[in-house]
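Reading through the structure tokens given below for one structure.
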Amino acid sequence: MKGKDLLSIVDLNSEDISLLISRAVELKAEGWAHSLSEKVLALVFEKPSLRTRVSFEVAMRQLGGHTIHLSPAEVGLGKRESVPDVARVLSRYVDAIAVRTFSHETLEVLAQYADVPVINALSDLEHPCQALADLLTIYERKGELEGLTLAYVGDGNNVAHSLMLASALAGISFRIASPAGYQVRDDLLRLARGYAMERGAEILCTEDPRQAVHGADVVYTDVWTSMGQESESEKRRRAFAGYQINDELLSLAEEDAILMHPLPAHRGEEVAEGVLDSPQSVVFDQAENRMHLQKALLADMLGGLEMPFMKYE
Ligand code: CP
Ligand code: NVA
Numbered sequence: 001m002k003g004k005d006l007l008s009i010v011d012l013n014s015e016d017i018s019l020l021i022s023r024a025v026e027l028k029a030e031g032w033a034h035s036l037s038e039k040v041l042a043l044v045f046e047k048p049s050l051r052t053r054v055s056f057e058v059a060m061r062q063l064g065g066h067t068i069h070l071s072p073a074e075v076g077l078g079k080r081e082s083v084p085d086v087a088r089v090l091s092r093y094v095d096a097i098a099v100r101t102f103s104h105e106t107l108e109v110l111a112q113y114a115d116v117p118v119i120n121a122l123s124d125l126e127h128p129c130q131a132l133a134d135l136l137t138i139y140e141r142k143g144e145l146e147g148l149t150l151a152y153v154g155d156g157n158n159v160a161h162s163l164m165l166a167s168a169l170a171g172i173s174f175r176i177a178s179p180a181g182y183q184v185r186d187d188l189l190r191l192a193r194g195y196a197m198e199r200g201a202e203i204l205c206t207e208d209p210r211q212a213v214h215g216a217d218v219v220y221t222d223v224w225t226s227m228g229q230e231s232e233s234e235k236r237r238r239a240f241a242g243y244q245i246n247d248e249l250l251s252l253a254e255e256d257a258i259l260m261h262p263l264p265a266h267r268g269e270e271v272a273e274g275v276l277d278s279p280q281s282v283v284f285d286q287a288e289n290r291m292h293l294q295k296a297l298l299a300d301m302l303g304g305l306e307m308p309f310m311k312y313e
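Heads up: the sequence shown at position 149 corresponds to 149 in this note's numbering, and the numbers run straight through without jumps.
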């Protein structure tokens, strides 16, 4: 990954993902060195964030580097200044840029004009850093990835896209249940099916949550209304009625199935009250793992990680 961008999870191949997970496991267990001393990461965020911002800031600090957070009002991305000019100017000051945008296209333009690596910290299309931390969490809990079945119930959104592609690359069979009109993008579904086939896994896209969850090792959901879609929230609540993760739906999964959610959650909507606080829920490990995984990613991208690797397979 040295010097490369991470805009989509498919900027990584199966081996890159395996290596990042191994490194994150090792960093989490063994500690880390100040390998990114004097490196600076800019965080350009058009939307709010708790986990992504804090996990990137702490990851850089623990590796000896620094961050500069730029809120929408400060940069005026595409308003005060054109996206290409922001990219060219930031490249003269910092070593990498993590960007949270409304439009994935903004991210692509920024990456095109930046001379330093650009990381997708969430766009309308993908959330690759979340998917990587999710795979790390599944690996920790299950001891493997290949051969597992993950059921995602809910909106075919940014989180679902990256998770579907990441699962396919890791050999996890991925089932997604979404109402008509809210399913994953066709082109990404086809792409995921291609990767899955190579790894002997399957991708199922259905409208039936019970079919998706039946016998699954991992049950996953995300909010029905993502940031920027607030005006649709009433319409979405109606469309997604019947897609809530509750005890009854969870009981169809494997007995030792884990429940995942990227957070923030809307308890009482996509998850019933109490379900995220049950012993099956691993949501806070997931949140913590954002930091460990991003530490491995940053060290790799910015060329500072020299340590023995453990392969997870
Ligand atoms: N999961 C996640 O990306 O959380 P934030 O929006 O708080 O960064
Ligand atoms: N799908 C959600 C994820 C937040 C981490 C959103 O885009 O708001």
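Every residue, glycine too, gets a C-beta built ideally from N, C-alpha and C.
| query | result |
| --- | --- |
| Uninterrupted alpha helix (DSSP H) stretches inside the region 125 to 197 (no shorter than 4 residues) | 128 to 142, 158 to 170 |
| Backbone secondary structure at H69 - three-state DSSP | strand |
| Rounded straight-line distance, which links the Cα of S103 to that of L110 | 11 Å |
| Start and end residues, alpha helix (DSSP H) containing I331 | Summary: the structure shown does not reach residue 331, with the chain confined to residues 1 through 313, and so no result is reported for it. |
| Heavy atom of ligand 2 within 7 Å of P262 beta-carbon | yes |
| For M260, three-class secondary structure by DSSP | strand |
| Where F309 sits in the DSSP three-state scheme | Low confidence applies here, because F309 scores a pLDDT of 39, under 50, leaving its location unreliable and the question unanswered by this model. |
| H69 beta carbon near ligand 2 (any heavy atom closer than 7 Å) | no |
| E105, buried or exposed, once every other Cβ within 10 Å from all chains shown has been counted against 16 | exposed |
| C-alpha distance - K295 paired with N246, whole-angstrom precision | 34 Å |
| Check: H326 C-beta below 7 Å from any heavy atom of ligand 2 | Only positions 1 to 313 of the chain appear in this structure, which leaves residue 326 out of reach. |
| DSSP state of F284 mapped onto helix, strand, coil | helix |
| Cβ-heavy atom distance, S281 to ligand 1, below 7 Å | no |
| For V219 and E270, believed in contact at Cβ under 8 Å, the rounded distance | Actually they are not in contact, since the Cβ atoms of E270 and V219 sit about 11 Å apart, beyond 8 Å. |
| 8 Å Cβ cutoff met for H69 and L43 | yes |
| Rounded C-alpha distance that separates F56 from A177 | 31 Å |
| Check: D222 C-beta below 7 Å from any heavy atom of ligand 2 | yes |
| 3 or more residues per run - each beta strand (DSSP E) lying fully within the region 28 to 56 | 40 to 45 |
| Closer than 7 Å: R267 CB and nearest ligand 1 heavy atom | no |
| Touch test, the region 119 to 128 against the region 6 to 15, Cβ-Cβ under 8 Å, three pairs minimum | yes |
| Cβ pair count under 8 Å reaching 3, the region 169 to 183 against the region 196 to 208 | yes |
| H266 and V283 closer than 8 Å at C-beta | no |
| Those residues which DSSP pairs with L77 across a bridge | E81 |
| Minimum C-alpha distance to M227 - residue among P264, D85, M1 | P264 |
| Cβ contact check for the region 274 to 283 and the region 22 to 41: 3 or more pairs under 8 Å | no |
| Under the three-state DSSP convention, the category V118 falls into | strand |
| Straight-line Cα distance separating Q112 from I119 | 12 Å |
| Y113 - containing alpha helix (DSSP H), residue span | 104 to 113 |
| As assigned by DSSP and simplified to three states, the class of Y243 | coil |
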